[in-house]
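> I'd like to ask you about the structure that follows.
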Amino acid sequence: MTNPLLGRNVVMEQGVVLGERVKIGNNVVIEQGVNIGDDVYIGHNTVLLRGTVIGEGSSVGCNNVLGCQPMKNSRVLHDVMEQSSLVIGKRCMLGNGIVIYAGTKLEDDVLVGDQASIRERTFIGKSTVIGRSATVECRTQIGKKCVIQTGAYITADMVIEDNVFIGPEVSTSNDKYMERSVVPLKGPHLKSGVSIGNNATLLPGVTIGPNATVGAGAVVTKDVAANVIVKGVPAK
Amino acid sequence: MTNPLLGRNVVMEQGVVLGERVKIGNNVVIEQGVNIGDDVYIGHNTVLLRGTVIGEGSSVGCNNVLGCQPMKNSRVLHDVMEQSSLVIGKRCMLGNGIVIYAGTKLEDDVLVGDQASIRERTFIGKSTVIGRSATVECRTQIGKKCVIQTGAYITADMVIEDNVFIGPEVSTSNDKYMERSVVPLKGPHLKSGVSIGNNATLLPGVTIGPNATVGAGAVVTKDVAANVIVKGVPAK
Amino acid sequence: MTNPLLGRNVVMEQGVVLGERVKIGNNVVIEQGVNIGDDVYIGHNTVLLRGTVIGEGSSVGCNNVLGCQPMKNSRVLHDVMEQSSLVIGKRCMLGNGIVIYAGTKLEDDVLVGDQASIRERTFIGKSTVIGRSATVECRTQIGKKCVIQTGAYITADMVIEDNVFIGPEVSTSNDKYMERSVVPLKGPHLKSGVSIGNNATLLPGVTIGPNATVGAGAVVTKDVAANVIVKGVPAK
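Protein chains in written order, with the working numbering: chain E, 546 to 781; chain L, 546 to 781; chain Y, 546 to 781.
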């Protein structure tokens, strides 16, 4: 085995597995049970929490927190459960200042921009891009080759199929009662090939048909058919 | 006194007070005069700046910066003053990558999500939730049991009463002249029980009456009466 | 030469130049070729990547990542190139948790708020303010004495002239085909003295005339003349 190239002040707990030719920056913290594949790079000051798995050839920038657990106070209506490991696929690229929770999986070749965050029990498909400062909530499924642009907000319990484009600062929601009663949450369902313009607003539970386009700044209050273009407030 | 459990490379200045059973991660920086209560947990790479107070039973994640001072350049119209300590109550939960300024107070049982930031001279009431990536400006009062959702923007000089729900990516403002003249700033006033839908826009100084609801994507240009629902652009 | 005041666990690579009276916090990483002017302050846990230049009298907070390189996966349509140094002018003020790329230049007296990010090949003019959590894309020119408020999104290939005000959570775009075909990107052009209200949406390539005002929440779909006020969806 080639020795890993370790920076200064690296703190590594017991039971960590490091692949060949791994390179780790300064002040990195690696908790127990972390598994890092061959040819992985970890930037300075990044924290890899318990059990995080990083596939071969992936690159992780500086000041990230990977594998954290959900939390709650007395105001949060839904329970949170302890999650198993965060699993990051092969050849993924992660920027800087990112937070990703345990219990989530990123497939191979996913790119996550700086300062993005992704909650637990979410799945990100192969070759998808999560933009800078985008926030993805829990229990959401995102398909292959999607682009979630900078600052977009992807709510919980949402389904995004393959090859979907979501513009900058798009906003989605999943709770039409705004926490005034406890109901099952249902985010929008974006079918394959959908495009959403920047700063558009999607209401809870709407379905956007395959290859439909939503204009910039539109407010989508009901389902949109396949292959159409809608715009305005409410979107038509 | 039980010895605190200190991680590696912890830097602690003079005059720090640590309670019983405190647990501190690796690479944590604790500046002078910081006071940490019993049973507090501090995550890796977090920075506690001068004089920060953290109440018993609170938990703070990784890579946070707590207790920073405001700053200005020649373009900033309003003066900034050096602030006294940041005070965090008991049993608060803070995520990762958060920035909170000195001169602000969080009451007990407040939850602050990852990558949120809160400026100086702001008050957050008991059991309120500040969502991930939400930004709260200075001199704002937020009541008890409120939920400020992910990515919402809470302007300066705003009043939010108790039990208010603010959806994801909501935007507020306090300066109708957009810095073209120097006037007193006045943010919206949200009365008790108000609900604001995702990506809604509130103009400076509007008052939203008790238990009123603002629809997703609405633009609120004037006051809203109690108990009504408004939507659209402008909201009606 | 006065000795610099170095914190604990500072990691400094070869070929670093430090000016007089520099003060550096704990756990700071300074890579090779970094050049820090006189009287600069660097906060705890900040990472200065290869070749970053910081002008005299500037102040940089905690947990920042300065000088990073762009990245891509197989889904990103446009190539990324290795960039030369990040150059930060004199008397600049940077907050905490910020990410700025190599190949960008900040003129003197620029203020960058907490958790903001700025991509490569962007120019920020003298005395401009980039607000907290604002995101600025690559190849964008921003003039002097502008204010880009909290959470605003400034797209790539955009031109912002002098003395422009952009409100909180404003969204801009540069690709009317939303990545469905590969075309030259063109962001909005904001002439001198423009004001944009909070949460407004600007479509690709629109020009806003000198001293024009766009209302809060407006969606701007075509050019706006000088000195007028537009509002609504679409903006009129």
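For every residue, glycine included, the Cβ atom is placed at its ideal position computed from N, Cα and C. What you are looking at is a predicted structure, and each value in this text was computed from that prediction instead of being measured.
Apart from the five residues just before and just after Y646(E), which ones in its own chain have a Cβ nearer than 6 Å to its Cβ?
Translated into the one-based positions of the first sequence, residue 646(E) becomes position 101. For Y646(E), where only same-chain residues beyond five positions count, the Cβ hits under 6 Å are C613, R664, E665.
> Can you say whether K781(E) is buried or exposed, counting buried as having 16 or more other CB atoms within 10 angstroms of its CB?
Locating residue 781(E) in the first sequence gives position 236, where the first residue counts as 1. Exposed, because fewer than 16 other Cβ atoms sit within 10 Å of the Cβ of K781(E).
> Could you tell me which chain L residues have their CB closer than 8 Å to the CB of E714(E), listed as they occur along the chain?
As a first step, residue 714(E) must be located in the first sequence, where it is residue number 169. Per Cβ cutoff of 8 Å: E714.
> CB S678(Y) to CB A701(Y), shorter than 8 Å?
If you number the third sequence from 1, residue 678(Y) lands on position 133. If you number the third sequence from 1, residue 701(Y) lands on position 156. No, the pair does not count as a contact, with Cβ atoms beyond the cut-off.
> Express the C-alpha separation of I643(Y) and I633(L) in angstroms, rounding to a whole number.
Mapped onto the second sequence, residue 633(L) falls at position 88. Mapped onto the third sequence, residue 643(Y) falls at position 98. Taking the straight line from one Cα to the other gives about 24 Å.
> V715(L) and I753(L) - do their beta-carbons sit closer together than 8 Å?
In the second sequence, counting from the first residue as 1, residue 753(L) sits at position 208. In the second sequence, counting from the first residue as 1, residue 715(L) sits at position 170. Not closer than 8 Å, so no.
> Could you compute how far the alpha carbon of L747(E) sits from the alpha carbon of V674(E)?
Taking the first residue of the first sequence as 1, we reach residue 747(E) at position 202. Taking the first residue of the first sequence as 1, we reach residue 674(E) at position 129. Between L747(E) and V674(E), the C-alpha separation is close to 20 Å.
> In whole angstroms, give me the CA-to-CA distance for P733(E) and L563(Y).
Translated into positions along the first sequence, residue 733(E) becomes position 188. Translated into positions along the third sequence, residue 563(Y) becomes position 18. So the alpha carbons of these two residues sit roughly 53 Å apart.
> How would you list, in chain order, the residues of chain E whose beta-carbon sits under 8 Å from the beta-carbon of G648(Y)?
Within the third sequence, numbered from 1, the residue matching residue 648(Y) stands at position 103. Correct list: empty, because the minimum Cβ distance to chain E is about 15 Å.
> Do L656(E) and M616(Y) have their C-beta atoms within less than 8 Å of each other?
Mapped onto the first sequence, residue 656(E) falls at position 111. Mapped onto the third sequence, residue 616(Y) falls at position 71. A Cβ-Cβ contact shorter than 8 Å links L656(E) with M616(Y).
> Starting from Y646(L), trace the beta strand (DSSP E) in both directions and tell me its first and last residue.
Locating residue 646(L) in the second sequence gives position 101, counting from the first residue. Its beta strand (DSSP E) spans residues 644-646.
> Mapping the DSSP letters down to three states, classify G634(L) as helix, strand or coil.
Counting from 1 along the second sequence, the entry for residue 634(L) is found at position 89. It is coil, neither helix nor strand.
> Would a check of beta-carbon distances place V769(L) closer than 8 Å to chain E?
Against the second sequence, residue 769(L) aligns to sequence position 224. Taking Cβ atoms only, chain E never reaches closer than 8 Å to V769(L), which makes this a no.
> Given this structure, state the Cα-to-Cα distance separating V573(E) from V555(Y), to the nearest angstrom.
Taking the first sequence and counting its residues from 1, the one referred to as residue 573(E) is at position 28. Taking the third sequence and counting its residues from 1, the one referred to as residue 555(Y) is at position 10. Distance between the alpha carbons of V573(E) and V555(Y) is about 13 Å.
> What three-state label does DSSP hand S662(E) in the structure shown?
Here residue 662(E) refers to the residue found at position 117 of the first sequence. In this structure, S662(E) counts as strand in the three-state DSSP scheme.
> Distance cutoff 8 Å, beta carbons only. Does V728(L) sit that close to anything in chain E?
Walking along the second sequence from the start, residue 728(L) turns up at place 183. Not flagged as an interface residue toward chain E: V728(L), since no C-beta distance is shorter than 8 Å.
> With a CB to CB cut of under 8 Å and the five nearest residues on each side skipped, what residues in its chain are close to D583(Y)?
Here residue 583(Y) is taken as the residue at index 38 of the third sequence, counted from 1. Counting only Cβ-Cβ distances below 8 Å, and skipping sequence neighbours, we find G564, E565, R566, V567, E601, G602.
> So what does N719(E) bridge to, in DSSP terms?
Here residue 719(E) is taken as the residue at index 174 of the first sequence, counted from 1. In the DSSP output, where bridge partners are listed per residue, N719(E) has none listed.
> Counting C-beta neighbours from all protein chains within 10 Å, is the total for I506(L) 16 or more, i.e. buried, or is it exposed?
Because chain L spans 546 through 781 in this model, residue 506(L) falls outside it and cannot be assessed.
> Buried or exposed: K767(L), going by 16 or more other Cβ atoms within 10 Å of its Cβ?
Stepping through the second sequence from its first residue, residue 767(L) is reached at position 222. Classification of K767(L): exposed, given that the 10 Å Cβ count is below 16.
> Look up C691(Y) in the DSSP assignment and say whether it is helix, strand or coil.
Start at 1 with the first residue of the third sequence, and residue 691(Y) comes out as number 146. Here C691(Y) sits in coil by DSSP.
> Checking the sheet assignment: what are the DSSP bridge partners for C613(L)?
For the purposes of this step, residue 613(L) is taken as residue 68 along the second sequence, with counting starting at 1. DSSP output for C613(L) lists Y646(L) as bridge partner(s).
> Nearest CA to the CA of E576(E): which residue from D653(E), M557(E), D659(E)?
Within the first sequence, residue 576(E) is the residue found at index 31, counting from 1. Of the candidates D653(E), M557(E), D659(E), the one whose C-alpha sits nearest the C-alpha of E576(E) is M557(E).
> Can you pull the chain E residues whose beta carbon is under 9 Å from the beta carbon of V778(Y), in chain order?
Sequence index remark: in the third sequence, residue 778(Y) carries index 233 (1-based). Chain E residues near V778(Y): G762, A763, V764, K776, G777, V778.
> Going by the CB atoms, is the gap between G762(L) and V775(L) shorter than 8 Å?
As a first step, residue 775(L) is located in the second sequence; it is residue number 230 there, counting from the start. As a first step, residue 762(L) is located in the second sequence; it is residue number 217 there, counting from the start. The answer is no: Cβ separation not under 8 Å.
> Please state whether DSSP places M626(Y) in a helix, a strand or coil.
The residue you call residue 626(Y) lines up with position 81 of the third sequence. The answer is coil: DSSP assigns M626(Y) none of H, G, I, E or B.
> Just the Cα atoms here: how many angstroms apart are K689(Y) and D624(L)?
Taking the first residue of the third sequence as 1, we reach residue 689(Y) at position 144. Taking the first residue of the second sequence as 1, we reach residue 624(L) at position 79. Between K689(Y) and D624(L), the C-alpha separation is close to 20 Å.
> Please confirm if G642(L) has its CB atom under 8 Å from at least one CB of chain Y.
By one-based count along the second sequence, residue 642(L) stands at place 97. For G642(L), the answer is yes, since a Cβ of chain Y falls inside 8 Å of its Cβ.
> Can you tell me the Cβ-Cβ gap for G686(E) and F710(E), rounded? I've got them flagged as a contact below 8 Å.
On the first sequence, position 141 is the one that residue 686(E) refers to. On the first sequence, position 165 is the one that residue 710(E) refers to. Sequence inspection shows Gln at residue 686(E); the Gly mentioned does not correspond to that position. About 17 Å separates the two Cβ atoms, so there is no contact after all.
> Inspect the beta-carbon positions of H589(E) and V585(Y) and report whether they are closer than 8 Å.
Residue numbering aside, residue 589(E) sits at position 44 when the first sequence is read from its first letter. Residue numbering aside, residue 585(Y) sits at position 40 when the third sequence is read from its first letter. Going by C-beta atoms, H589(E) is not nearer than 8 Å to V585(Y).
> When the Cα atoms are used, what is the spatial distance from N618(Y) to N708(E)?
Indexing the third sequence from 1 puts residue 618(Y) at position 73. Indexing the first sequence from 1 puts residue 708(E) at position 163. Whole-angstrom Cα-Cα distance: 15 Å.
> Please list, in chain order, the residues of the stretch 668-684 of chain L that have any C-beta partner in chain Y closer than 9 Å.
Cβ proximity to chain Y below 9 Å picks out S678, T680, E682 from the stretch 668-684 of chain L.
> Between V610(L) and the rest of its own chain, which residues show a CB-CB distance below 6 Å, the 5 nearest in sequence each way excluded?
As a first step, residue 610(L) is located in the second sequence; it is residue number 65 there, counting from the start. Hits under 6 Å: V592, V644.
> Taking T695(L) as the query, report the chain E residues whose CB atoms sit under 8 Å from its CB, ordered along the chain.
Reading the second sequence from its first residue, position 150 is the one you call residue 695(L). Here the neighbours are T680, E682, Y698.
> If you draw a straight line from the C-alpha of V751(Y) to the C-alpha of N608(L), how long is it?
The count along the third sequence starts at 1 and reaches residue 751(Y) at position 206. The count along the second sequence starts at 1 and reaches residue 608(L) at position 63. Answer to the nearest angstrom: the Cα atoms are 39 Å apart.
> Classify M546(Y) as helix, strand or coil using the three-state DSSP reduction.
Position 1 of the third sequence, counting from 1, holds the residue named residue 546(Y). Because M546(Y) sits at a pLDDT of 46, beneath the cut-off of 50, its placement in the model cannot be relied upon, and the following sentence gives the value as read from the coordinates. Residue state, collapsed to three classes: coil.
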